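Written below as structure tokens is the structure these notes are about.
Residue numbers (our numbering), protein chains in the order written: chain A, 10 to 329; chain B, 481 to 758; chain C, 5 to 416.
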């Protein structure tokens with residue numbers, strides 16, 4: 010019933026709670042209410058915070074919402090006009106491709122590196138905890154600070170990255186990280202991977218810690234070590250955490266805005282333009298809020314499709 | 481023949497090697513942070529240090545930061561810690577419910593929660609401004625805590641649920657059979673077992689609140705409540721920027737936060753579930 | 005009975021006009037209505053983007069002194085980061101909590117005025133007589149004045165005096181001279197020239213000196229004059245005199261490069277002067293060169309104006325207008341100019357300012373002729389700015405030739 014359930018131990022399947030002896034009638038009723046109460050505070054919070062924006066964003070995409078609307082409240086209904094306008098914009102297909110490349114590149118990079126680091130830290134060694142905590146340091150620094158530092162590092166002529174690569178003899182000429190339309194997208198993908206590593210590392214590490222040592226001991230007796238242990242013990246037991254890490258990773262990556270604004274403003278010549286960036290610019294730079302809302306709804310639709318497809322795929326995987 | 485001492489020594493060397501590799505990896509990862517340190521020690525305030533080490537290191541950025549940002553740091557800490565507490569209070573029971581209870585509408589709930597994560601932050605902030613304006617929560621630290629917590633709750637639910645799917649129902653049932661109520665079983669069995677996921681979510685709730693800019697900007701109108709993310713704009717104008725003070729502020733502000741994170745990480749112990757089943 | 009009804013009718017007849025007056029006197033766009041103008045105003049709120057010290061406290065002091073002088077006890081001064089100002093204004097507009105006095109960057113004034121958020125200053129008896137033409141045209145929409153700008157800045161060429169002297173190069177007066185000088189001054193790590201060409205309004209702003217000086221106009225971007233300006237930018241980069249990183253440098257980065265000796269000349273504005281003085285740079289200033297001798301150097305108008313948003317509170321709006329007027333007195337204009345690296349916008353103050361601050365002489369002359377970005381296009385300027393910076397980046401990244409870059413960027 011629940012999605013992406015896993016077998017957490019090789020020996021003990023979970024038993025559905027309905028198999029307990031039924032409680033007396035009055036107690037069961039009370040229990041039903043108690044169960045609902047577990048969820049109520051969260052439900053209220055989510056509806057209060059997210060309910061109105063979702064609806065407003067949806068409605069706004071069908072309206073001609075401009076600066077004037079903020080003053081006099083009038084927003085004439087224009088149906089699908091905003092959607093048509095943004096989809097037929099010549100920038101749209103480029104932004105769509107960029108968004109796809111950016112997301113796939115970021116997720117693959119972040120996840121793989123995060124996973125490798127999590128496995129590395131899974132062993133006990135001195136300073137393990139401190140070093141792992143320090144990996145979260147980039148998340149403590151405001152994004153504007155991070156992008157300023159990265160711009161200085163990636164600067165073509167005097168940025169320390171090019172200077173170092175040249176000194177080490179790896180490249181002959183400075184790489185135009187943020188100034189060439191061909192390279193800029195790669196540059197921001199790399200920076201985004203850097204940003205995403207702590208997230209993946211911390212969550213996957215916690216997931217690894219949940220897997221009981223007995224499984225590995227039992228497996229070792231059967232000769233499963235190293236890669237085999239990972240594939241047969243670690244990976245299956247990590248599924249629930251992996252799937253939420255990837256799903257949230259994709260959703261959050263689609264929303265990335267500040268780092269792109271800070272590094273390239275979507276340039277050079279729209280080489281790093283993404284759908285979310287387009288949405289922001291339509292709304293808050295050009296004040297065409299209806300179009301901005303249409304773009305962000307398109308993005309939500311893409312996220313939704315991905316989420317549904319992914320949930321189904323992992324459910325089927327578990328059933329096998 | 482390998483003696484016990486030799487085996488012990490070998491293992492210690494292996495461990496020491498791991499630490500060394502970990503430090504190298506961390507150094508690579510934190511290089512941009514080192515660069516921020518470099519910039520913070522520059523006298524000129526520009527972002528263009530020409531070498532690995534500042535030629536004329538100057539602490540002017542730090543003295544400015546210490547002078548101006550003390551209160552902002554405290555504000556950031558209060559908001560972040562408050563967010564952690566509130567997020568865990570709201571999200572943990574819900575995560576457990578969605579993981580273990582048999583509701584018919586769980587898939588819909590999960591989908592709704594996922595959708596909430598897809599909304600751009602600025603859209604939420606704008607809507608929240610109107611709401612707060614109407615109920616008078618603008619310009620208040622509790623208001624910011626509530627906003628940040630509400631923002632982190634869906635994330636918390638999704639993460640903790642993934643972990644709680646692995647909580648064996650047998651132990652909970654054992655407690656129920658012994659006569660414990662649902663809430664009691666939850667508090668005394670599930671919560672301790674899920675310690676890892678609670679700490680992890682707490683960590684991220686702290687980080688989201690700490691680095692939040694948009695709620696702090698939108699939900700304050702008087703400039704009296706300024707977490708560090710807003711406070712750095714004392715050094716960033718529309719035309720002029722004093723990056724060394726900005727970087728110095730960022731560096732100083734992260735010290736107390738990192739201490740909290742290190743302490744929290746230590747509690748993510750291995751095999752919390754394993755022992756309980758026995 | 006009839007007497008009672010008569011009494012009631014008389015009572016209603018007396019009350020009715022009073023009630024109607026009370027209803028009608030409320031907030032609206034009725035210009036100059038008396039309404040509650042006799043109430044005392046004890047506080048005004050002011051919103052701007054002067055977040056950084058020392059500007060924040062300097063402006064705050066000026067506002068407070070002005071408040072006291074017009075009888076307002078408290079002036080609540082709030083500053084938000086530059087890029088977030090308009091968002092804040094919109095949030096406040098929709099919740100009807102606009103500030104009493106609002107600072108706006110001059111190219112934004114007409115758009116906000118068109119949306120109906122600002123009061124025409126003429127309604128409060130204010131005018132911009134004696135101001136340089138640029139600030140007036142920027143703040144005028146539909147024939148009405150909406151903002152008064154106390155200080156202005158613009159763009160000019162900064163150069164390292166010693167470097168040019170050593171290379172035997174004079175500050176360039178024509179585009180040909182600029183190209184040769186820049187090429188000659190490029191050696192080692194030092195580029196001859198630096199400018200900002202980012203994909204945002206700042207990049208568009210920096211492209212205006214060559215575009216306007218060459219006779220190009222924002223209403224006709226596909227003209228050969230605009231192509232000529234694009235060609236200049238392209239030639240400088242292709243020559244190697246300007247770093248390819250220009251597409252990623254903000255004006256602050258250009259300044260950093262100049263200070264660090266990585267650029268012999270740069271295109272920038274007077275707000276950089278405090279940092280240049282702090283770094284003890286021996287710099288000179290020259291107007292942007294012309295292409296052909298019959299042209300005059302035209303630079304774009306920068307600087308922010310004070311406006312009065314429509315809050316519906318007549319008494320406060322009247323006091324707000326007084327505050328705006330006070331911030332624009334001769335005394336306050338001079339103070340603001342000296343503190344902020346600006347030029348006073350009142351033409352009568354020009355000579356005095358040049359005497360008191362000789363380093364700003366060149367900029368003072370330039371501001372008198374500075375041209376407002378919204379002068380011709382009004383609220384439609386932002387769309388055109390987007391085309392300008394897109395076209396410029398297409399040329400600088402070799403994706404389009406100057407002749408058809410603007411068309412490719414979407415020019416109509």
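Ideal Cβ positions, reconstructed from N, Cα and C, are used throughout, including at glycine. This one's a predicted model, so the numbers in the text were calculated from it and none came from an experiment.
By the criterion of at least three beta-carbon pairs nearer than 8 angstroms, the region 204 to 217 of chain C is in contact with the region 229 to 245 of chain C. Residues 200 of the same chain have their beta carbon placed closer than 6 angstroms to that of residue 253 (chain C), with the five preceding and five following residues left out of the count.
Per DSSP, residue 645 (chain B) lies in no alpha helix (DSSP H) and is assigned neither H nor E. Only exposed fits residue 739 (chain B), as fewer than 16 other CB atoms lie within 10 angstroms of its CB. Under DSSP, residue 375 (chain C) shares a beta bridge with C:304. With three or more CB-CB distances shorter than 8 angstroms, the region 99 to 115 of chain C counts as touching the region 369 to 389 of chain C. Beyond the five residues adjoining it in sequence on each side, residue 315 (chain A) comes within less than 7 angstroms, by CB distance, of 259 in the same chain, given in chain order.
Apart from the 5 residues on each side of it in sequence, residue 334 (chain C) sits with its Cβ closer than 7 angstroms to the Cβ of 350 and 353 in its chain, given in chain order. Here DSSP, grouped into helix, strand and coil, assigns residue 254 (chain A) to helix. Residue pairing by DSSP leaves residue 173 (chain C) without any beta bridge partner. Residue-level contact by beta carbon holds for residue 126 (chain A) and chain B, with a gap shorter than 8 angstroms. Below 8 angstroms, enough C-beta pairs join the region 117 to 126 of chain C and the region 304 to 319 of chain C to call them touching: three or more. Taking all protein chains in view, the Cβ of residue 722 (chain B) is crowded by 16 or more other Cβ atoms within 10 Å, so the residue is classified as buried. Along the length of the region 190 to 276 of chain C, whole alpha helix (DSSP H) runs at least 4 residues long occupy 205 to 217, 228 to 242 and 255 to 263, reported in chain order. Here residue 141 (chain C) has 376 and 379 as same chain residues with Cβ atoms under 6 angstroms from its own Cβ, once five neighbours each way along the sequence are excluded. Using a CB distance below 8 angstroms, the part of the region 711 to 727 of chain B facing chain C consists of 713, 714, 715, 716, 717, 718, 719, 720, 721 and 722, ordered along the chain. Look at the beta carbons and you see the region 561 to 578 of chain B touching the region 670 to 689 of chain B: at least three pairs across the two are nearer than 8 angstroms.
Put simply, the region 83 to 93 of chain A does not touch the region 167 to 180 of chain A. Fewer than three CB pairs are less than 8 angstroms apart. Here the alpha carbons of residue 734 (chain B) and residue 92 (chain C) stand approximately 28 angstroms from one another. CA-CA distance, residue 223 (chain C) to residue 64 (chain C), rounds to 39 angstroms. The straight-line gap separating the alpha-carbon atoms of residue 52 (chain C) and residue 496 (chain B) is approximately 56 angstroms. Assignment of residue 98 (chain A) by DSSP, reduced to helix, strand and coil, places it in the coil class. Collapsing the DSSP output to three states places residue 148 (chain A) in a helix. For residue 687 (chain B), the enclosing alpha helix (DSSP H) stretches over residues 675 to 690.
In the displayed model, residue 164 (chain C) falls within a strand according to three-state DSSP. Along the length of the region 218 to 253 of chain A, whole alpha helix (DSSP H) runs at least 4 residues long occupy 222 to 230 and 235 to 238, reported in chain order. At a cut-off of 8 angstroms between C-beta atoms, residue 690 (chain B) counts as an interface residue with respect to chain A. Pairing residue 285 (chain A) with residue 600 (chain B), the inter-Cα distance amounts to about 8 angstroms. Under DSSP, residue 76 (chain C) takes part in no beta bridge, so it has no partner. Of A:74, A:214 and A:38, the smallest CA-CA separation from residue 246 (chain A) is found for A:214. In the three-state reduction of the DSSP assignment, residue 47 (chain C) falls in the strand class, which pools E and B.
The DSSP-derived three-state label of residue 718 (chain B) is coil. Neighbours of residue 515 (chain B) in chain A, taken as residues whose beta carbon is under 8 angstroms from its own, are 158, 161, 162 and 169 in chain order.
The C-alpha of residue 388 (chain C) lies about 51 angstroms from the C-alpha of residue 572 (chain B).
Residue 291 (chain A) sits away from residue 119 (chain C), with the two beta carbons spaced by 8 angstroms or more. Contact annotation: residue 273 (chain C) and residue 155 (chain C) have beta-carbon atoms that are not nearer than 8 angstroms.
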